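Trainee: Sequences listed follow chains A and B, in order. Residue 253 in this note's numbering sits at position 253 of the first sequence, with consecutive numbering throughout. Residue 226 in this note's numbering sits at position 226 of the second sequence, with consecutive numbering throughout.
Protein chains: 2
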Amino acid sequence: MKKLINDAETVVDEMLDGMVAAYPDSVRRLSDTQVLVRDDAPVDDKVAVVSGGGSGHEPTHAGYLGEGMLDGAAAGEVFTSPTADELEAMIEACDSGAGVLLVIKNYEGDVMNFETAGEMVEMEGTEVAEVVVNDDVAVEDSLYTSGRRGVCGTILVHKVAGAKAAEGASLDEVQRVAQKVVDNVGTMGMALTSCVTPEKGEPTFDLGEDEIELGIGIHGEPGVERTETMSADEVTDELTEAVLDDLELDPGQEVVTIVNGMGGTPQMELFVVNRRLQELLDERDIETWDAWVGDYMTSLDMAGCSITVCAVDEELKSLLDAPAETPAMTVR
Amino acid sequence: MKKLINDAETVVDEMLDGMVAAYPDSVRRLSDTQVLVRDDAPVDDKVAVVSGGGSGHEPTHAGYLGEGMLDGAAAGEVFTSPTADELEAMIEACDSGAGVLLVIKNYEGDVMNFETAGEMVEMEGTEVAEVVVNDDVAVEDSLYTSGRRGVCGTILVHKVAGAKAAEGASLDEVQRVAQKVVDNVGTMGMALTSCVTPEKGEPTFDLGEDEIELGIGIHGEPGVERTETMSADEVTDELTEAVLDDLELDPGQEVVTIVNGMGGTPQMELFVVNRRLQELLDERDIETWDAWVGDYMTSLDMAGCSITVCAVDEELKSLLDAPAETPAMTVR
Numbered sequence: 001m002k003k004l005i006n007d008a009e010t011v012v013d014e015m016l017d018g019m020v021a022a023y024p025d026s027v028r029r030l031s032d033t034q035v036l037v038r039d040d041a042p043v044d045d046k047v048a049v050v051s052g053g054g055s056g057h058e059p060t061h062a063g064y065l066g067e068g069m070l071d072g073a074a075a076g077e078v079f080t081s082p083t084a085d086e087l088e089a090m091i092e093a094c095d096s097g098a099g100v101l102l103v104i105k106n107y108e109g110d111v112m113n114f115e116t117a118g119e120m121v122e123m124e125g126t127e128v129a130e131v132v133v134n135d136d137v138a139v140e141d142s143l144y145t146s147g148r149r150g151v152c153g154t155i156l157v158h159k160v161a162g163a164k165a166a167e168g169a170s171l172d173e174v175q176r177v178a179q180k181v182v183d184n185v186g187t188m189g190m191a192l193t194s195c196v197t198p199e200k201g202e203p204t205f206d207l208g209e210d211e212i213e214l215g216i217g218i219h220g221e222p223g224v225e226r227t228e229t230m231s232a233d234e235v236t237d238e239l240t241e242a243v244l245d246d247l248e249l250d251p252g253q254e255v256v257t258i259v260n261g262m263g264g265t266p267q268m269e270l271f272v273v274n275r276r277l278q279e280l281l282d283e284r285d286i287e288t289w290d291a292w293v294g295d296y297m298t299s300l301d302m303a304g305c306s307i308t309v310c311a312v313d314e315e316l317k318s319l320l321d322a323p324a325e326t327p328a329m330t331v332r
Numbered sequence: 001m002k003k004l005i006n007d008a009e010t011v012v013d014e015m016l017d018g019m020v021a022a023y024p025d026s027v028r029r030l031s032d033t034q035v036l037v038r039d040d041a042p043v044d045d046k047v048a049v050v051s052g053g054g055s056g057h058e059p060t061h062a063g064y065l066g067e068g069m070l071d072g073a074a075a076g077e078v079f080t081s082p083t084a085d086e087l088e089a090m091i092e093a094c095d096s097g098a099g100v101l102l103v104i105k106n107y108e109g110d111v112m113n114f115e116t117a118g119e120m121v122e123m124e125g126t127e128v129a130e131v132v133v134n135d136d137v138a139v140e141d142s143l144y145t146s147g148r149r150g151v152c153g154t155i156l157v158h159k160v161a162g163a164k165a166a167e168g169a170s171l172d173e174v175q176r177v178a179q180k181v182v183d184n185v186g187t188m189g190m191a192l193t194s195c196v197t198p199e200k201g202e203p204t205f206d207l208g209e210d211e212i213e214l215g216i217g218i219h220g221e222p223g224v225e226r227t228e229t230m231s232a233d234e235v236t237d238e239l240t241e242a243v244l245d246d247l248e249l250d251p252g253q254e255v256v257t258i259v260n261g262m263g264g265t266p267q268m269e270l271f272v273v274n275r276r277l278q279e280l281l282d283e284r285d286i287e288t289w290d291a292w293v294g295d296y297m298t299s300l301d302m303a304g305c306s307i308t309v310c311a312v313d314e315e316l317k318s319l320l321d322a323p324a325e326t327p328a329m330t331v332r
């Protein structure tokens, strides 16, 4: 499979340099690491919000660096957790003394390395708290995960925690609103095609010309069902039902929805999915307060999408509406 | 080839409904048309800026509807010009009496239908002006084009013209700044794979497993060279040299750059290209004032990218920096 890269060995390094070259006034790279931080980190008198994980999910996480979202983003190799040492360097670079919230996607490597890094910085006197995002309703336990996987709902956690931190809230308060998102969000994804990692250069898994996979993970981990090709409406029905069954929302509940592209999906198709998603919510008296459509948490060049639904109250709406200025998301 | 659609016959219609369902407070669809307009159109005492073209290039054009960019966007069928009747309806819906700038990509169908629509509305007393964007430096004349094709530079025209109109400038002034962009921008694209239209369901053209095409058009029109797979740096060198040769910039010139994904390209790869692009500009003493990286003007699911360079002066920088609020671009 062809890729627009120079070398699988250096692709993450070169990507990070390309990000800094794109946003030299707003992000910088910590020397000798794969960590990007806000150019003005640490920001005085503000809790820092940091995240990180394997590369290949861009714009996650570095695309969300900036005012009102993340202070630091650590990039591992493709689909590989950042090391504890790099996470430690990130946390230290972002802490202004007000403490640091670690936003962790629920994969065993990420959880272990973030927690190790947290213990290391705590010994130096840095206060940390964590939230573990596990919004993928498809499967309990998975290839790299105990419990549920953390996927696109993570972006809502970045937005809400970042907005609360920007208000000058305490670490406890920032953690509380981040956890509120985690407790109220569900996601399910699907794939038309496999992703292809730079290292392997071949599809991670085989899907036939007439097959799709429902419940797929963002690293190509197995889903819940491999089935014959379906229409966009049928796919949307399957994903939405699974998410809504998990959330058990009351009629009249307001929600934010995300139709997320996996990296290789034309926007045209995402909007076709959104059309049906909003019909389904309307039929169930669920009120969409805001609808996001685009590539937020990708899986390299996978064709497919995920659907996220998050119940919101006045507090979450206010934080989602707060200003943000990052490469991948700006809110006025 | 698998697609996340219901029916090739209805895909544009359903996409447009999915867009309105995503942004119900900011865009609306003119009844019985494939035209989307700002919800508050016509905006009093403001020149309207409108565009349109075949579908399949999303977020172009409807993604740029809103404050500081477009007032109207007409969607044709996939890779097919909107009809003159639909363009006429769009122009009329957007005109507040201050006149309408038509931003036309240089394809024969688009130019003919926009000009016919312009003549029709002028007979009813609506003042119109036009700019024809022809930024693709790859080829002179093409499958659907006399002269050069209009590609990703069009987004800069949307931004600059929309900002000038938002200031309350006259139609002449809005046209003047739009033309200034057209006179100072160049783009060249390339493909790793062909796009696949919903109707055909098969690649528009054949590229071997070890072949790429330089100078490709956004509908898969032939480029300047089909060659063996190259590294990202080599590809970037080829595209950048072609654009810079066309622009003939003086050392010290400030520019805006765009590394644009064609729809099926992971962001990781776009940043690897941006890294090399910025190195090349630096070597030539060209100063990047702003760098955009992302999917701005796509070609369905094509894997590949384009590179755009636009020389900017104080006026263009001020207009590019002005506030905008649209689904695909927000500037604070």
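Yeah, the Cβ is synthetic: ideal placement off N, Cα and C, and Gly gets one too. Here the structure is a predicted model, which means the values were calculated and not measured.
Which residues of chain A have a Cβ atom closer than 7 Å to the Cβ of ARG203(B), listed in chain order?
Mentor: The displayed chain sequence assigns Pro, not Arg, to residue 203(B). Going along chain A, no residue has its Cβ under 7 Å from PRO203(B), so there is no contact; the nearest lies around 13 Å.
Trainee: Taking all protein chains shown into account, do 16 or more other C-beta atoms lie within 10 angstroms of the C-beta of ASP210(B), making it buried, or fewer, making it exposed?
Mentor: ASP210(B) should be labelled exposed.
Trainee: At the level of alpha carbons, what is the spacing between TYR107(B) and PRO59(A)?
Mentor: Distance between the alpha carbons of TYR107(B) and PRO59(A) is about 33 Å.
Trainee: Where DSSP assigns a beta bridge to ASP290(A), which residues make up the other side?
Mentor: Answer by DSSP bridge pairing, in chain order: VAL256(A).
Trainee: By Cβ distance below 6 Å, which residues in the same chain neighbour GLU254(B) in space, the five residues on each side in sequence not counted?
Mentor: So the list reads GLU287, TRP289, VAL312, once near-sequence residues are dropped.
Trainee: Can you tell which of LYS164(A), THR193(A), THR240(A) has its C-alpha closest to the C-alpha of GLU221(A)?
Mentor: Taking only the C-alpha atoms, the option nearest GLU221(A) is THR193(A).
Trainee: Are ALA84(A) and THR116(A) close, meaning C-beta to C-beta below 7 Å?
Mentor: Closer than 7 Å, so yes.
Trainee: With 8 Å as the limit, tell me which residues of the region 213 to 232 of chain A have their beta carbon closer than that to any beta carbon of chain B; keep them in chain order.
Mentor: Answer in chain order: THR229, SER231, ALA232.
Trainee: Using a Cβ-Cβ cut-off of less than 7 Å, give me the residues of the region 6 to 36 of chain B that come near chain A, in sequence order.
Mentor: Those residues of the region 6 to 36 of chain B that come within reach of chain A (Cβ to Cβ, closer than 7 Å) are ASN6, VAL11, GLU14, MET15, ASP17, GLY18, MET19, ALA21, ALA22.
Trainee: In whole angstroms, what separates the C-alpha of LYS46(A) from that of ALA178(A)?
Mentor: Straight-line Cα distance between these residues: approximately 16 Å.
Trainee: Measure from the alpha carbon of PRO327(A) to the alpha carbon of each residue in ASP321(B), LEU319(B), TRP292(B), then state which is nearest.
Mentor: Looking at the Cα atoms, TRP292(B) is the closest of the given residues.
Trainee: Are any of the Cβ atoms in chain B nearer than 7 Å to that of PRO82(A)?
Mentor: No, PRO82(A) does not count as interfacial toward chain B.
Trainee: Does ARG276(A) pass the burial test, meaning 16 or more other C-beta atoms within 10 Å, or should it be called exposed?
Mentor: Buried, because 16 or more other Cβ atoms sit within 10 Å of the Cβ of ARG276(A).
Trainee: On a Cα-Cα basis, can you pick out the residue from GLY294(B), ARG284(B), CYS94(B) that is closest to VAL273(B)?
Mentor: VAL273(B) has its Cα closest to that of GLY294(B), out of GLY294(B), ARG284(B), CYS94(B).
Trainee: Assuming contact is defined by CB atoms lying nearer than 7 Å, are LEU65(A) and ARG29(A) in contact in what I supplied?
Mentor: Taking 7 Å as the Cβ cut-off, LEU65(A) and ARG29(A) do not qualify as a contacting pair.
Trainee: Output yes if chain A places a C-beta closer than 7 Å to the C-beta of THR330(B); else output no.
Mentor: Closer than 7 Å to some Cβ of chain A, the Cβ of THR330(B) qualifies, so yes.
Trainee: If we count the other Cβ atoms within 10 Å of its Cβ and call it buried at 16 or more, is LEU143(B) buried or exposed?
Mentor: Exposed: under 16 other Cβ atoms inside 10 Å.
Trainee: In the DSSP assignment, what are the bridge partners of ILE307(A)?
Mentor: In DSSP, ILE307(A) forms a bridge with MET188(A), VAL259(A).
Trainee: Using 7 Å as the limit for Cβ to Cβ distance, is ASP45(A) near chain B?
Mentor: Chain B, which has no Cβ nearer than 7 Å to the Cβ of ASP45(A), makes this no.
Trainee: Give the residues from the region 258 to 269 of chain B that approach chain A closer than 7 Å (Cβ to any Cβ), ordered along the chain.
Mentor: If the cut-off is 7 Å between Cβ atoms, the region 258 to 269 of chain B has GLY263, GLY264, THR265, PRO266, GLN267, MET268, GLU269 near chain A.
Trainee: So is VAL293(B) in contact with chain A if we call contact Cβ pairs under 7 Å?
Mentor: At least one chain A Cβ lies under 7 Å of VAL293(B).
Trainee: Would you say ASP285(A) reaches chain B, if we count a Cβ-Cβ gap shorter than 7 Å as a contact?
Mentor: So, not an interface residue.
Trainee: How would you label ASP71(B), buried or exposed, when you count the other beta carbons within 10 angstroms and need 16 or more for buried?
Mentor: Buried.
Trainee: What would DSSP say about GLU127(B), mapped onto helix, strand or coil?
Mentor: In this structure, GLU127(B) counts as coil in the three-state DSSP scheme.
Trainee: Under 7 Å between C-beta atoms, does GLU58(A) make it to chain B?
Mentor: So yes, GLU58(A) belongs to the interface.
Trainee: Looking at chain B, is there any beta carbon in it that lies within less than 7 Å of the beta carbon of LEU319(A)?
Mentor: Output row for LEU319(A): interface = no.
Trainee: Step through the CB atoms of chain A and report whether any lies within less than 7 Å of the CB of GLU325(B).
Mentor: Interface residue, yes.
Trainee: Assess contact between the region 124 to 138 of chain A and the region 146 to 157 of chain A, defined as three or more Cβ pairs (one per stretch) separated by less than 8 Å. Is contact present?
Mentor: Contact holds: three or more Cβ-Cβ distances are below 8 Å.
Trainee: Does ARG275(A) come within less than 7 Å of chain B when only Cβ atoms are used?
Mentor: So, interface residue.
Trainee: Which residues in the same chain as ILE225(A) place their Cβ atom closer than 6 Å to its Cβ, once the five residues preceding and following it in sequence are excluded?
Mentor: Rather than Ile, the amino acid found at residue 225(A) in this sequence is Glu. Result list for GLU225(A): LEU214, in chain order.
Trainee: Should the region 182 to 192 of chain B be called in touch with the region 239 to 257 of chain B, which here means at least 3 C-beta pairs below 8 Å?
Mentor: Result yes; three or more Cβ-Cβ pairs closer than 8 Å.
Trainee: Does any residue of chain A have a CB that is nearer than 7 Å to the CB of ASP301(B)?
Mentor: Yes - at least one Cβ of chain A is within 7 Å of the one on ASP301(B).
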